[in-house]
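The block underneath contains the structure these notes are about, expressed in structure tokens.
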């Protein structure tokens, strides 16, 4: 199980007490929390302590970037090279996504499968020349992840540095906006290339960080 925690500052204490007193959540099945605001981490620690769980040492600290629905819906798409098309991912592409995602672990496979199933999940497909069979292959990919943010933006090694990730990114921004979803996503604080991409595409950035937090049952 994977958790997302949202609480406004003025409701934090009420939220904390309600969660601590509830038995509706199977806390000891949760593996990680996604995009937790910096100010909510102490509250989460208190809740986990009460429920017999703990935060593991390795917090993945990120900046969160966002764009209005309207801006996303009107986003200008780049021109495509003649041998390239953009289309949805499906279950046939699951293994390629998992093989190329640097943060992947085996327990996450069903989550990725559902991200692809429920989407939107975008692929950039390249048709090889006739000399190599003329077959089409998935070159770059991105999807709306389980917490609603844009994620898993990856390019197959043979197709890197060709602009395909930017094509995929642009298309999912527009699709989310047109569906009425706010385009947003995170980048690790040290990932300069991802930070530049969000900036180049006109995203705003929260002034505080968010963290992806791994948790475990206390010994």
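Numbering (full-length UniProt numbering), first residue to last: 1 to 219. Glycine residues also receive a C-beta, built at the ideal position from the N, C-alpha and C atoms.
- Assigned with DSSP and collapsed to three states, residue 182 falls in coil, not helix or strand.
- Under the DSSP assignment, residue 151 falls outside any alpha helix (DSSP H), being part of the beta strand (DSSP E) whose first and last residues are 150-155.
- The count of Cβ pairs closer than 8 angstroms, one atom from the region 77-96 and one from the region 159-175, reaches three, so the stretches are in contact.
- The beta-bridge partner set that DSSP reports for residue 87 consists of 123.
- Residues of the same chain with a CB within less than 8 angstroms of the CB of residue 125, apart from the 5 flanking positions on each side, are 84, 85, 86, 87, 136, 137, 138 and 139 in chain order.
- CA-CA distance, residue 82 to residue 46, rounds to 55 angstroms.
- Here the alpha carbons of residue 42 and residue 17 stand approximately 14 angstroms from one another.
- Counting C-beta pairs with one atom in each stretch, the region 198-207 and the region 96-104 have fewer than three that are closer than 8 angstroms, which means they do not touch.
- Distance from the CA atom of residue 29 to the CA atom of residue 129, rounded to whole angstroms, is 48 angstroms.
- For residue 189, no pairing in a beta bridge is given by DSSP.
- For residue 197, the closest of 154, 20 and 127 by C-alpha to C-alpha distance is 154.
- For residue 65, no alpha helix (DSSP H) run applies; the uninterrupted beta strand (DSSP E) run containing it begins and ends at 60-66, by DSSP.
- In this structure, residue 202 places its C-beta atom within 8 angstroms of the C-beta atom of residue 67.
- As DSSP reads the structure, residue 24 sits in no beta bridge.
- The Cβ atoms of residue 39 and residue 213 lie no closer than 8 angstroms to each other.
- Under the three-state reduction of DSSP output, residue 56 falls in the coil class, being neither helix nor strand.
- With at least 16 other beta carbons inside 10 angstroms of its own, residue 51 counts as buried.
- Distance from the Cα of residue 151 is smallest, within the candidate group 37, 184 and 72, for 184.
- Around the beta carbon of residue 6, fewer than 16 other beta carbons sit within 10 angstroms, so the residue counts as exposed.
- If you look at residue 44, you'll find it isn't in any beta strand (DSSP E); it sits in the alpha helix (DSSP H) that goes 41-50.
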